[in-house]
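Worksheet: the structure to be examined is printed underneath.
There are 2 protein chains.
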Amino acid sequence: MKQDEKKLALHVLGEVGWLKGYSPALTERLVNEGRLTRLGVGEWAQSEGDNRMGLFIVIRGLLHSYCAAPGDKSVLIGLVGPGSVLGHATCYSGGPRMVTAVCVEPSLLLEISETALDEIANQSPEIWRAIASFAYTHTRAALRMAAEVISLRPRERIAARLVAMAESDRPDETSILKISQELLGEMMGLTRKTMNIHLSAFEKAGFLKVGYAQIEIYDPDGLKEIANR
Amino acid sequence: MKQDEKKLALHVLGEVGWLKGYSPALTERLVNEGRLTRLGVGEWAQSEGDNRMGLFIVIRGLLHSYCAAPGDKSVLIGLVGPGSVLGHATCYSGGPRMVTAVCVEPSLLLEISETALDEIANQSPEIWRAIASFAYTHTRAALRMAAEVISLRPRERIAARLVAMAESDRPDETSILKISQELLGEMMGLTRKTMNIHLSAFEKAGFLKVGYAQIEIYDPDGLKEIANR
DNA sequence: GAACAATTGTTACCAGAGTTACAATTCTAC
DNA sequence: GTAGAATTGTAACTCTGGTAACAATTGTTC
């Protein structure tokens, strides 16, 4: 049981981009030093006590990550699936928490405390290089999101974001986004009605198919073209 | 001459947050292994040849950083002053460049190539931890920006952004932002006219004073309150 | 100081997104 | 299967912000 989960963790870590090119020993160390945590729907991914600066890697399941905004608002910023890393250090620490994640599917997380990181760094100092690597990925994604919201009008924005979500999900195959139009709107700063109008237009154009709380992307390239208008 | 600039670089690096807590030797190594580059107004901060993955640290001057967005658009995302770090690795590399920076004041940059980084890491592997640290800061800032644009309406957004810019500039003192309303609007996805309306309102309320291509912030707390509406 | 460029202040008009409300559909639980 | 919840499809209305255009002000250059 526990062994299966460990194997799964090893497998997931073996696939993530930010560990590519590093020794497999590093991956093993991460799994060994980390602690596997099961999370039920609705629970938050957050460490307790001395582990506030820790690191979470999603092994199985799905979480929604929210970012705090002025006025006690919180904005849904992404769907977090296997292989994703949840915050660390500054993203969580210091005053009001900046990013929170709630579990929307029963999930399995690999929790790596700050002390575990130090432990690992003793033998594999390159761990920090790997961490810097995914931090860059996060920065890149966040910047892209900001740039899109700032410069694109709703229609283009929706197209761009859908493509980004579909690609981060699974490249290649026709991806299915399991998310309601309400939440999608919340993610992009639009109302459900606006989402609905444009999604319907995209469906009519044959780029995608809207279902009950899901969107099936047929033609990412078509959407990209819209986004580039 | 060259010596003065080296001293200045040492001083600037001594102040930056992401190097706090590390050995001064690391700072010195960065300055020694790096290359000081002068940039004239209008020039781009970008490495040539094998140095594309390098790192830039602004020592003196001011740059505008832009983020690429769909449709060949580019969005002004920030004013980059002394102590700031400009991109690295994934932010710049791979296909179309994601972030670009153009010099708007004669500037001095410390350019640290990828090979120099490796060199430094040989003796000071903790350099990567420091790099991860500012990468987190970048992520945090980018996320905050995205969250603001998504969740706040123009008025609140302007207030929030002005506060953020003023604080990143110089905490404490009444800060003066040297930027035109046109550019401010571009940064926040608004037209100059909309900027103008709200800035005038803020001025009438006594939060700030608008001048010719500059904004003097008197009352950040008042602006924060607006942002929290 | 005069000519020019850049920036700000202001207007009228309009497209498009937000708001509110309700009906139709699909899923879930018992 | 039925009841209730969640989600989607639409409607009428309002209003903010974008567009376009021009005048007034401030800064820069020669």
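Protein chains in written order, with this note's numbering: chain A, 1 to 229; chain B, 1001 to 1229.
For glycine and all other residues, C-beta sits at the position ideal for the given N, C-alpha and C.
From what residue to what residue does the alpha helix (DSSP H) around A:Pro24 run?
Pro24 to Glu33
Roughly how many angstroms separate the alpha carbons of A:Leu8 and A:Ile59, rounded to a whole number?
7 Å
Which full runs of the alpha helix (DSSP H) of 4+ residues lie inside the stretch 158–226 of chain A, going along the chain?
181–188 and 192–205
So, with DSSP's three-state summary, where would you put A:Ala69?
Residue state, collapsed to three classes: strand.
Any chance the stretch 1021–1034 of chain B sits against the stretch 1108–1121 of chain B, with 3 or more Cβ pairs inside 8 Å?
The stretch 1021–1034 of chain B is in contact with the stretch 1108–1121 of chain B.
Going along the chain, which unbroken runs of the alpha helix (DSSP H) with 4 or more residues stay wholly within the stretch 116–161 of chain A?
127–151
Among B:Gly1078, B:Ala1025 and B:Gly1071, which residue has its Cα nearest to the Cα of B:Ile1179?
B:Gly1078
DSSP three-state label for B:Gly1014, please.
helix
Indicate the three-state DSSP secondary structure (helix, strand or coil) for B:Glu1043 in the structure shown.
coil
Taking Cβ-Cβ distances below 8 Å as the criterion, which residues of the stretch 15–42 of chain A are in contact with chain B?
none
What number of angstroms, rounded off, separates the C-alpha of B:Arg1029 from the C-alpha of A:Ala132?
Their backbone Cα atoms lie some 20 Å apart in a straight line.
Report yes or no: is there a C-beta of chain A within less than 8 Å of the C-beta of B:Arg1229?
yes
Confirm, please, whether the CB-CB distance from B:Ala1160 to B:Ala1227 is below 8 Å.
yes
Considering Cα atoms alone, identify which of A:Gly71, A:Ile215 and A:Glu43 is closest to A:Gly61.
Taking A:Gly61 as reference, the option from A:Gly71, A:Ile215 and A:Glu43 with the minimal CA-CA separation is A:Glu43.
Determine whether the beta carbon atoms of B:Ala1148 and A:Pro70 lie at a separation below 8 Å.
In the sequence on display, residue 1148 of chain B carries Glu and not Ala. Yes, the pair counts as a contact, with Cβ atoms nearer than the cut-off.
Output yes if chain B places a C-beta closer than 8 Å to the C-beta of A:Trp44; else output no.
no
Closer than 9 Å by beta-carbon distance: list the chain B residues that pair up with A:Ile77, in chain order.
The contacting residues are Leu1143, Ala1146, Ala1147 and Ile1150.
In chain order, what residues of the same chain have a beta carbon less than 7 Å from the beta carbon of A:Val12, not counting five sequence neighbours either side?
Answer for A:Val12: Ile59, Pro82 and Gly83, listed in chain order.
Cβ atoms of A:Val102 and A:Ala64: under 8 Å apart, would you say?
The sequence given here places His at residue 64 of chain A; Ala does not occur at that position. Yes; because the gap between Cβ atoms is below 8 Å, this pair is in contact.
Measure the beta-carbon distance from A:Leu86 to A:Phe56 and round it to whole angstroms, keeping in mind my assumption that it falls under 8 Å.
4 Å
With a CB to CB cut of under 7 Å and the five nearest residues on each side skipped, what residues in its chain are close to A:Arg140?
none
Just list the residues that DSSP pairs B:Ile1057 with in beta bridges.
B:Val1085 and B:Leu1110
Would you call B:Ala1116 buried or exposed, if buried means 16 or more other Cβ atoms sit within 10 Å of its Cβ?
buried
Going by beta carbon distance, what residues of the same chain come within less than 8 Å of A:Ser200, once the five residues before and after it are set aside?
Once the five neighbours on either side are set aside, the close Cβ partners of A:Ser200 are Val210.
Please decide whether B:Ala1205 counts as near chain A, where near means a Cβ-Cβ distance under 8 Å.
no
Considering only the beta carbon of each residue, do B:Tyr1218 and B:Thr1174 sit closer than 8 Å?
yes
Report back the beta-carbon spacing between B:Ala1146 and A:Ala146 to the nearest angstrom; my notes put them in contact at under 8 Å.
4 Å
Based on the DSSP output, what are the partners of B:Ala1009 in its beta bridges?
DSSP, once it has assigned bridges, lists no residue as partnering B:Ala1009.
Do B:Leu1208 and B:Ile1197 have their CB atoms nearer than 8 Å?
no
Please list, in chain order, all residues of the same chain as A:Arg153 whose beta carbon is under 7 Å from its beta carbon, the five residues on each side excluded.
No residues qualify anywhere along the chain.
Is the beta carbon of B:Val1080 closer than 8 Å to that of B:Tyr1066?
With a cutoff of 8 Å on beta-carbon distance, B:Tyr1066 and B:Val1080 are scored as not near each other.
Pop quiz: A:Glu126 and A:Leu26 are said to be a contact at Cβ under 8 Å. What is the actual Cβ separation, rounded to whole angstroms?
That pair is a contact at about 7 Å.
Please determine, among A:Glu5, A:Asp221 and A:Trp128, the residue with the shortest C-alpha to C-alpha distance to A:Glu167.
A:Asp221
Going by DSSP, what residues sit across from A:Leu79 in a beta bridge?
Partner residues in the beta bridge of A:Leu79, as assigned by DSSP, are A:His64.
Under 8 Å, CB to CB, which of the residues in the stretch 1108–1136 of chain B have a partner in chain A?
Ala1121, Pro1125, Glu1126, Trp1128, Arg1129, Ile1131, Ala1132, Ser1133, Ala1135 and Tyr1136
Report yes or no: is there a C-beta of chain A within less than 8 Å of the C-beta of B:Met1098?
Closer than 8 Å to some Cβ of chain A, the Cβ of B:Met1098 qualifies, so yes.
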